[in-house]
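If you read the protein sequences in the order shown, they are chains A and B.
So in numbering that gives the first Met the number 0, spot 41 of the first sequence is number 40, and the numbers just go up one at a time.
So in numbering that gives the first Met the number 0, spot 91 of the second sequence is number 90, and the numbers just go up one at a time.
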Amino acid sequence: MTETLAVETGALVKRYENVLALAGLDLAIEPGCFFGLLGPNGAGKTTAVSILCTLLRPTSGEARVFGKDVVRERPAVRPLLGIVFQDPSLDTELTGRENLDIHARLYRLPERAARIEQALDMMDMARDADRGVRSLSGGMRRRLEIARGLLHGPSVLFLDEPTLGLDVHARRSLWQHLERLRDGGLTLVLTTHAMDEAARLCERVAILNEGRIVAAGTPRELCQEVGGDHIELELDRPEDALPLLRAKPNVRDVWMENRTVVITVEHAPTELVPLIETLKTLGIHAVRMREVNLEDAFVHFTGHKIDAAGNLA
Amino acid sequence: MTTFFTDVATILRRELLRYRHERVYLLGQILLPLLAVVFIGFPGDRLGESVDYASFLASGLLMLIITSGAIGGGYTLIEDVQRGFLRPILVAPVTRTSIVVGKILARLLLSIFIVSVMVLILALFTNLKLAHPLMALGSLAAMTFGFVGFGIVLATSLRRAESFRSVAVFVTLPLYFLSGMFFPVQTLPGPMRYVALVNPLTYGVDLFRYGTTDVNEIPLVADGLVLLVFAVLMTAIAARAFERRLAG
Chain A
0 MTETLAVETG ALVKRYENVL ALAGLDLAIE PGCFFGLLGP NGAGKTTAVS
50 ILCTLLRPTS GEARVFGKDV VRERPAVRPL LGIVFQDPSL DTELTGRENL
100 DIHARLYRLP ERAARIEQAL DMMDMARDAD RGVRSLSGGM RRRLEIARGL
150 LHGPSVLFLD EPTLGLDVHA RRSLWQHLER LRDGGLTLVL TTHAMDEAAR
200 LCERVAILNE GRIVAAGTPR ELCQEVGGDH IELELDRPED ALPLLRAKPN
250 VRDVWMENRT VVITVEHAPT ELVPLIETLK TLGIHAVRMR EVNLEDAFVH
300 FTGHKIDAAG NLA
Chain B
0 MTTFFTDVAT ILRRELLRYR HERVYLLGQI LLPLLAVVFI GFPGDRLGES
50 VDYASFLASG LLMLIITSGA IGGGYTLIED VQRGFLRPIL VAPVTRTSIV
100 VGKILARLLL SIFIVSVMVL ILALFTNLKL AHPLMALGSL AAMTFGFVGF
150 GIVLATSLRR AESFRSVAVF VTLPLYFLSG MFFPVQTLPG PMRYVALVNP
200 LTYGVDLFRY GTTDVNEIPL VADGLVLLVF AVLMTAIAAR AFERRLAG
């Protein structure tokens, strides 16, 4: 090994009574990478993060953070970690600043006040830092949690579904704040079931399904691996279109999304006209073409669609 | 070792910041024994002229508040673990023992506050006084360490809130009644008196009553020894149980 990896797991297994949460997870994350761990709810994302953060012991296998074993070298690993948990974990009885102050003391940081100010500034929370956490919006709480996670200058920041439950505006704002961290050399491990989030923030992603990695690479690589283009059609009688389309040799895949027929073909510009010819009796309302995106790749590799709440549809 | 105390101080600070908002809870903790003394203590006074029952009961009730609060405090620590509130602390480089000790010290400061306010109020209409403050404090500390520890051990073995409550009532009621809290141990019938003598709470109540009324039934040296062993043992067992609970 030439360089120490930021995160490395080998055949990581976690079994709860009769559920296999991780079925041999192999991960390798380079230092400085913004890495996305994608998967539906129950795929094992949170379990993986909990093990890497020393909160959970694996049943078997190995996990290291910057070369340090997360089970055997816990005291050495903990100062390297920053984490924003999926569920809110701020003390709601305290103000934002008090939350950060307790955190700074737990890590025995020098120059607490200055560091707290800096972390608050980075997340644009300085103005609201002295309000009780109870009175803050979901997006503000998240930013405060990220400020807290960054306070002690961790080498890896884990974000477990950071935008879950946030409205569109708060999500966008959070993404902008996270993008600012890119230049700092920080390694970021983000778990999410939102493919738009992963596509926007992550340089590399791994798709987790039933406790295993089923695909890994840059978002672009995964899309290329799936290949092809999508044609979306809105029809009067979409049900009748499916058997017709399935019979066509150039159609790789066909499915329905909310009464819209989605077709995968090798090259949409050349396939479009013959397809429309086939379907013109079914009442075509709209035709759209698009390239394969990460969401399609996800469906391809897991065999599942995922809904907005992260459940398998 | 210095980092241990730094960590304990941090946990303590966090707890105290949280208490700020628990005014209703504090008020309840103070009102309950006050009402009990008024409704039970004064009528009880008429039973016999030689015993000052109101003062006797007042000191016992204070111990009741302290111990039941301590058991509850132990429970909330485990509840915090279950709800995930403690995770930011658990991923930080602090030892588990410092978390337990910090929690207990916070509870102790709360107990000292409650007892101080209560003694001041009760002194107005009973013979309660800080006769031996250090003795009262010693009893308070031992009871807090011991019973927070007890609460932690109980909560780690009973994960569901309902089972914790029913078992806690089942276990603590006999502990309370056979501790000299409400009646002197000497007045208990034979077998019950033996139970009372193996109940660590008996010694806590006795020392505390000496501290606040200048009356005691058991030699103070015996009180001190039993309480020291109880507090140290329970804290150690609780720290182990806590560690094991987290590993699971």
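Idealized CB from N, CA, C, for every residue including glycine.
Bear in mind that the values here come from a model prediction, so they are computed numbers and not experimental data.
| query | result |
| --- | --- |
| Alpha-carbon to alpha-carbon, Ile98(B) and Val197(B) | 30 Å |
| Chain A within 9 Å of Gly71(B), Cβ atoms only | no |
| Any C-beta of chain A under 9 Å from that of Val90(B) | yes |
| Inter-stretch contact at 8 Å, needing at least 3 Cβ pairs: the segment 274-283 of chain A / the segment 194-208 of chain A | no |
| Whole-number beta carbon distance between Leu99(A) and Leu150(A), since they are thought to touch under 8 Å | 6 Å |
| Whole-angstrom distance between Phe297(A) and Gly210(A), CA atom to CA atom | 15 Å |
| Proximity of Thr201(B) and Gly179(B) at Cβ, strictly below 9 Å | yes |
| Beta-carbon separation (whole angstroms), Val147(B) vs Ala246(B), contact threshold 8 Å | Rounded, the Cβ-Cβ distance is 21 Å, inconsistent with contact. |
| C-beta atoms of Leu325(A) and Lys44(A) nearer than 9 Å | The shown model of chain A, from 0 to 312, leaves out residue 325(A), and the question about it has no answer. |
| Contact set between Gly83(B) and chain A, taken where Cβ atoms lie within less than 8 Å | Phe84, Asp86 and Ser88 |
| Beta-ladder partner(s) of Thr162(A), from DSSP | Answer by DSSP bridge pairing: none, since Thr162(A) is not bridged. |
| Three-state secondary structure (DSSP) of Leu185(A) | coil |
| Counted within 10 angstroms of its Cβ, other Cβ atoms place Thr155(B) as buried (16 or more) or exposed | buried |
| Start and end residues, beta strand (DSSP E) containing Phe112(B) | Where Phe112(B) is concerned, there is no enclosing beta strand (DSSP E), although the alpha helix (DSSP H) it sits in stretches over Arg95 to Leu121. |
| Cross-chain neighbours of Leu80(A) in chain B, by beta carbon under 7 Å | Val90 |
| Assigned secondary structure, Met0(A) (DSSP; H/G/I helix, E/B strand, else coil) | Its pLDDT being 48, under 50, Met0(A) is placed unreliably in this model, and the value from its coordinates should be taken loosely. Looking at Met0(A) - three-state DSSP - the assignment turns out to be coil, as it is neither helix nor strand. |
| Span of the alpha helix (DSSP H), counted from its first residue to its last, around Asn98(A) | Gly95 to Leu105 |
| Chain-order list of residues whose beta-carbon lies under 8 Å from that of Met0(A) (same chain, five-residue window excluded) | Because Met0(A) carries a pLDDT of 48, less than 50, the predicted location of this residue cannot be relied on, and the following value inherits that uncertainty. For Met0(A), where only same-chain residues beyond five positions count, there are no Cβ hits under 8 Å. |
| Three or more C-beta pairs below 8 Å linking the segment 262-273 of chain A and the segment 1-10 of chain B | no |
| CB contact check: Arg19(B) to chain A, cutoff 9 Å | yes |
| Contacts of Arg12(B) in chain A (Cβ-Cβ under 8 Å) | Ile101 and Arg104 |
| Pair within 9 Å by beta-carbon distance, Gly210(B) and Leu85(B) | no |
| Residue environment, Val23(B), which counts as buried when at least 16 other CB atoms sit within 10 Å | exposed |
| Cβ distance (whole Å) where Val93(B) is taken to contact Leu105(A) below 8 Å | 6 Å |
| Proximity test, Cβ basis, 9 Å: Val93(B) and chain A | yes |
| Ranges of the beta strand (DSSP E) found wholly within the segment 11-91 of chain A, counting only runs of at least 3 | 18-28, 33-37, 59-64 and 80-83 |
| Cα-Cα separation between Gln223(A) and Phe300(A), rounded to whole angstroms | 12 Å |
| The segment 99-109 of chain B in contact with the segment 115-134 of chain A per 3-pair CB rule at 8 Å | no |
| Which of helix, strand or coil DSSP assigns to Thr234(B) | helix |
| For Arg147(A), the nearest candidate out of Val48(A), Gly302(A), Gln117(A) and Ser136(A) (CA to CA) | Gln117(A) |
| Beta-carbon separation (whole angstroms), Leu241(A) vs Val250(A), contact threshold 8 Å | Not really, about 10 Å apart at Cβ, beyond 8 Å. |
| Paired residues, beta bridge with Ala285(A) - DSSP | Glu233(A) |
| Exposed unless 16 or more other CB atoms sit within 10 angstroms - verdict on Tyr52(B) | buried |
| Cross-chain neighbours of Arg56(A) in chain B, by beta carbon under 8 Å | Ala246 |
| Nonlocal neighbours in the same chain, by C-beta distance under 8 Å from Gly23(A), ignoring five residues either side | Ala10, Leu11, Val12, Gly60, Gly210 and Arg211 |
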